[in-house]
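Only one structure is covered here, and it is reproduced in the block below.
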Amino acid sequence: MGQNVSVCIPRWIDVEGVKNFRDLGGWPLKDGSGYIRERTVFRCGHLASVSEKGISTLRRLNVIAAFDFRSDPEVERQGTMPEIEGLTRFPSAMFTEADYSPAALAERWQGYFEGAAGFPKVYAVILEKGAPQYRKIFIHMLEHCSIQSTKSVIVHCTAGKDRTGIFGMLLLGLCGVDEEIIANEYALSNLGYWESEHELEKRAATLGVSIENMRMVMSAPYLAMKETIRQVKEKYGSIEDYVVNKCQITPKQVQEIRDLMIVPIRFEERQLFRPKI
């Protein structure tokens, strides 16, 4: 990823009270035939602390839906977003309350502790458990978003990097974005999400692991996403095969998603077709 694939409108958007908020659009397709439509799908960390100023930004972005991948224990600890007129929160948990016991977390997060090579072990579980929730987002996009409207959606979890990052990989991969860009887009969460030392120490103590392990859990290694994509291809055939067979999205709907999300013009000409924030 370099200057040749940068965007002319801000990718990062300052939504006060929300970490890791960015646009999934703007990236060129691998074959050069177009780029991903901007201001349609956003990704971020949880919205529980969004301020009034942040809410005003969400209104300007015309966000109509927020798909929340967090499980009940996370929601109980962090809270939910305030009521926002015109914006519906869709609870979209992939894991049960039992999955969030300290013992279950420590076992599932062992992959994170192993570094970039271990992340795909965790992501394999997310891919298996998350398919029904990912389907829900794809269907909502087809039913409520269009190239004629400015309606947009948010996908988020706690940090906006793992469960959310897998959805980003699926959407961008389905539309034909290069794997290098997908992996680097995922790694942007290293810039957008952070935890205080106090919070890291607290969580490390709860799980009985080192603070270094917790820092690894909070990271988003480029190589982790590269390996995850390789494993998706190995296990499911392709990203499209996963979406069709696991998310139960028909080939016709896949094409409709592409029609919605791809702006079919040369990437170099994109500034002529920009939506306004």
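Following the numbering used here, the numbering of the sequence shown begins with 13 at its first residue and continues without gaps.
We put the CB at the ideal spot given by N, CA and C, even for glycine.
Where F54 sits in the DSSP three-state scheme: Residue numbering aside, residue 54 sits at position 42 when the sequence shown is read from its first letter. Strand.
Do the stretch 138-155 and the stretch 267-278 meet, that is, are 3 or more Cβ pairs less than 8 Å apart? Short answer: they touch.
So Y205 and A171 are supposed to be a Cβ contact under 8 Å. How far apart are they, rounded? Counting from 1 along the sequence shown, the entry for residue 205 is found at position 193. Counting from 1 along the sequence shown, the entry for residue 171 is found at position 159. Yes, Y205 and A171 are in contact; Cβ-Cβ is about 5 Å, under 8 Å.
Residue burial classification, L203 (beta-carbon count within 10 angstroms, cutoff 16): The residue you call residue 203 lines up with position 191 of the sequence shown. Label assigned to L203: exposed.
Taking only three categories from DSSP, how would you classify D111? In the sequence shown, counting from the first residue as 1, residue 111 sits at position 99. Helix at D111.
State the DSSP-derived secondary structure class of V30, mapped to helix, strand or coil. Residue numbering aside, residue 30 sits at position 18 when the sequence shown is read from its first letter. Of the three classes helix, strand and coil, the one that applies to V30 here is coil, per DSSP.
Would you kindly work out how many angstroms separate the C-alpha atoms of E97 and E252, rounded to a whole number? On the sequence shown, residue 97 is found 85 positions in, with the first residue counted as 1. On the sequence shown, residue 252 is found 240 positions in, with the first residue counted as 1. Their Cα atoms are separated by approximately 35 Å.
In the DSSP assignment, find the unbroken beta strand (DSSP E) run with T100 in it and report its ends. If you number the sequence shown from 1, residue 100 lands on position 88. Per DSSP, the unbroken beta strand (DSSP E) holding T100 starts and ends at 100-103.
Coarse secondary structure for I149, derived from DSSP in three states: Looking up residue 149 in the sequence shown gives position 137. In this structure, I149 counts as helix in the three-state DSSP scheme.
Grab me the residues of R147's own chain with a C-beta within less than 8 Å of its C-beta, minus the 5 sequence neighbours each way, in chain order. Position 135 of the sequence shown, counted from the first residue, corresponds to residue 147. Within the same chain, R147 has close Cβ partners C259, Q260, I261.
Buried versus exposed, by CB contacts within 10 Å (16 or more), H210: Here residue 210 refers to the residue found at position 198 of the sequence shown. Per the 10 Å Cβ criterion, exposed.
Top-ranked residue by Cα proximity to I178, from G249, Q122, A216, M106: Residue numbering aside, residue 178 sits at position 166 when the sequence shown is read from its first letter. Of G249, Q122, A216, M106, the residue nearest in Cα terms is M106.
Can you check whether the C-beta of T100 is within less than 9 Å of a C-beta belonging to chain C? Of the protein chains in the structure, only one exists, and it is not chain C.
What does the Cβ neighbour count give for A129, buried or exposed, with the cut at 16 atoms within 10 Å? Here residue 129 is taken as the residue at index 117 of the sequence shown, counted from 1. Result: exposed.
Evaluate contact between the stretch 22-31 and the stretch 64-72, counting only Cβ atoms and requiring at least three cross-stretch pairs below 8 Å. yes
Are the stretch 229-247 and the stretch 70-84 touching, with three or more C-beta to C-beta distances below 8 Å? With a cut-off of 8 Å, the stretch 70-84 and the stretch 229-247 do not count as touching, because too few Cβ pairs lie within range.
Sufficient close CB pairs (3 or more, under 8 Å) joining the stretch 106-123 to the stretch 80-92: Verdict: yes, contact present.
In the DSSP assignment, what residue or residues form a beta bridge with L41? As a working mapping, residue 41 is identified with position 29 in the sequence shown. Answer is V189, bridged to L41.
Report all residues from its chain with a CB closer than 8 Å to the CB of R227; omit the five preceding and five following residues, and keep chain order. What you label residue 227 is simply residue 215 of the sequence shown in a count that begins at 1. Within the same chain, R227 has close Cβ partners L212.
In terms of alpha-carbon separation, which member of A118, L183, E95, D111 lies closest to S250? Residue numbering aside, residue 250 sits at position 238 when the sequence shown is read from its first letter. Considering only alpha carbons, the answer is L183.
Using 8 Å for Cβ pairs, my map puts T176 next to C169. What's the rounded Cβ distance? Your numbering for residue 176 matches position 164 in the sequence shown. Your numbering for residue 169 matches position 157 in the sequence shown. Contact flag correct, Cβ pair sits at about 5 Å.
Reduced DSSP category for I25 - H, G, I as helix; E, B as strand; rest coil: Translated into the one-based positions of the sequence shown, residue 25 becomes position 13. In the structure shown, I25 sits in coil (DSSP, three-state: anything other than H, G, I, E or B).
Between S222 and the rest of its own chain, which residues show a CB-CB distance below 8 Å, the 5 nearest in sequence each way excluded? Your numbering for residue 222 matches position 210 in the sequence shown. The beta carbon of S222 is closer than 8 Å to those of A216 in its chain, skipping five residues each way along the sequence.
Here's a check: name, in chain order, each residue in its chain whose Cβ is nearer than 7 Å to the Cβ of T92, leaving out the five neighbours to either side. Locating residue 92 in the sequence shown gives position 80, where the first residue counts as 1. Within the same chain, T92 has close Cβ partners A60, R101.
When you compare the CB positions of F54 and F81, do they come within less than 9 Å of one another, or not? For this step, residue 54 is matched to residue 42 along the sequence shown. For this step, residue 81 is matched to residue 69 along the sequence shown. For F54 and F81, no; Cβs fall outside 9 Å.
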